[in-house]
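This report refers to the structure that appears directly beneath it.
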Amino acid sequence: MTKNISASVHSRLLKQARTSGRPLNDYLQYYAIERFLYRLSQSPYCDDFILKGALAFQLWGGPLHRSTRDIDLLGSMSNGVNNLVSITQEICSLSVVEDGMSFPPENVQGTLIKEDADYEGVRLEFFGYLGKARIKMQIDVGFSDQVFPNPVRTEYPTLLSYPAPKLKNYPQESVIAEKFQAMIYLGEINSRMKDFYDIWFLATHFDFEGSLLQTAIIQTFRHRKTEIPSNPIHVFSEEFAEKKILQWIAFLERNGTENTPYELSVITQKINVFLSPIIETIAQESQCTLQWENQGWKK
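Numbering (our numbering), first residue to last: 8 to 306.
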């Protein structure tokens with residue numbers, strides 16, 4: 008039965024890939040990620056993880072706006088490598104509705120990832136199988152970040168008609184705050200063009216309450232021991248955009264993002280309009296009462 012289901016799933020994913028013009032491997036990867044997330048959502052550890060990173064945008068009804076090969080999670084348990092390996096193996100072994108995928112638990116390996124002195128995480132690597140197709144899986148689990156407002160459980164969109172994962176998703180305000188902090192912290196050496204894209208994407212597709220965004224920024228910068236900058240902000244300047252234009256174009260071409268300006272200055276100007284009033288309010292030590300609606304601030 009599993010063999011027949013795997014063949015059927017493979018055929019349907021191939022049809023979707025041909026229709027969209029995207030590589031079949033992308034669809035195999037998305038499907039494997041989706042089905043692992045479903046297993047996670049059915050496990051006793053469902054409430055111990057919050058989905059973040061590129062996959063979080065899927066939960067907000069966004070497109071597959073950035074190619075991704077891994078799963079980013081925020082964990083609230085012991086950050087020991089062996090503990091995370093054991094949890095992942097248990098999730099891989101979970102019995103669920105037949106969806107053609109298998110994740111042999113003996114494949115799971117874990118390593119410590121350390122971006123800097125303050126933030127440690129665990130990387131988990133293993134393989135998923137759809138019939139004879141072998142799909143590399145990678146999960147990066149971070150710890151201790153401040154999340155505001157509280158995450159909400161959301162249904163993850165599925166490629167086919169199998170049960171959908173329901174997981175806690177990172178709040179948009181915290182996503183923006185963390186990416187903004189990374190921009191300020193890295194400054195001129197910043198090569199993370201995805202952060203500029205993601206804030207621009209959120210600002211052009213969603214509305215925000217200024218007070219919530221203000222609190223998220225204050226808490227994130229305080230937790231990461233970074234000083235909140237004052238206006239004008241260098242990373243939103245024409246000079247910065249000119250220096251980074253080649254990196255920006257390479258990012259767009261590599262990720263296949265559609266309907267996105269090729270001029271980085273257009274992106275940084277939009278982000279500046281979006282964040283500068285919040286930064287000004289913080290500098291004045293007052294409460295932001297503005298609402299971001301239809302790509303502009305309103306009282």
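We put the CB at the ideal spot given by N, CA and C, even for glycine. Predicted, not measured: the structure shown is a model, and the values here were computed from it.
Check, Outcome
"Where does residue 106 land, buried or exposed, given buried means 16+ other C-beta within 10 angstroms?", "buried"
"Can you give me the Cβ contacts of residue 169 inside the same chain, cut-off strictly under 6 Å, excluding the 5 residues immediately before and after it?", "106"
"Please work out which residues of its chain come closer than 7 Å, Cβ to Cβ, to residue 8, disregarding the five sequence neighbours upstream and downstream, and give them in chain order.", "Its pLDDT being 48, under 50, residue 8 is placed unreliably in this model, and the value from its coordinates should be taken loosely. Cβ within range, chain order: 105."
"Measuring alpha carbon to alpha carbon, tell me which of 247, 230 and 118 ends up nearest residue 239.", "247"
"Have a look at 209, 252, 231 and 260 and flag the residue whose alpha-carbon is nearest the alpha-carbon of residue 302.", "209"
"Note down the Cα distance separating residue 161 from residue 271, rounded to an integer number of angstroms.", "32 Å"
"Enumerated in chain order, which unbroken segments of the alpha helix (DSSP H) with a length of 4 residues or greater are wholly contained in the stretch 212-247?", "217-230"
"Secondary structure at residue 136, three-state DSSP: helix, strand or coil?", "strand"
"In the DSSP assignment, find the unbroken alpha helix (DSSP H) run with residue 88 in it and report its ends.", "88-99"
"Helix, strand or coil, according to DSSP, for residue 43 in the structure here?", "helix"
"Figure out for me which residue from 292, 277, 290 and 152 has the closest Cα to the Cα of residue 304.", "277"
"Please say whether residue 298 and residue 216 have beta carbons closer to each other than 8 Å?", "yes"
"Check whether the stretch 289-297 and the stretch 212-226 are in contact - that is, three or more C-beta pairs closer than 8 Å.", "yes"
"Quick one: using the 10 Å Cβ neighbour count with 16 as the cut-off for buried, is residue 28 buried or exposed?", "exposed"
"Does the separation of the CB atoms of residue 35 and residue 189 fall below 8 Å?", "no"
"Can you tell me which of the three DSSP states residue 370 falls into?", "Examination of residue 370 is not possible in this model, given that the chain is present from 8 through 306 alone."
"Quick one, are the C-beta atoms of residue 230 and residue 179 less than 8 Å apart?", "no"
"In or out: residue 176 buried (at least 16 other Cβ within 10 Å) or exposed?", "buried"
"When burial is assigned at 16 or more other CB atoms within 10 Å of the CB, is residue 290 buried or exposed?", "exposed"
"Considering only their Cβ atoms, is the gap separating residue 88 from residue 115 smaller than 8 Å?", "no"
"Leaving out five residues on either side along the sequence, give the residues of the same chain with a beta carbon under 7 Å from the beta carbon of residue 124.", "Reliability of the predicted coordinates at residue 124 is poor, the pLDDT of 45 falling under 50, and no value is obtained from them."
"Do residue 95 and residue 146 have their C-beta atoms within less than 8 Å of each other?", "yes"
"Spatial neighbours of residue 120 within its chain, please: CB distance less than 6 Å, with the 5 preceding and 5 following residues excluded, ordered by chain position.", "128 and 130"
"Cβ of residue 55 less than 8 Å from any chain B Cβ?", "Although the question refers to chain B, the structure presented lacks it and comprises just one protein chain."
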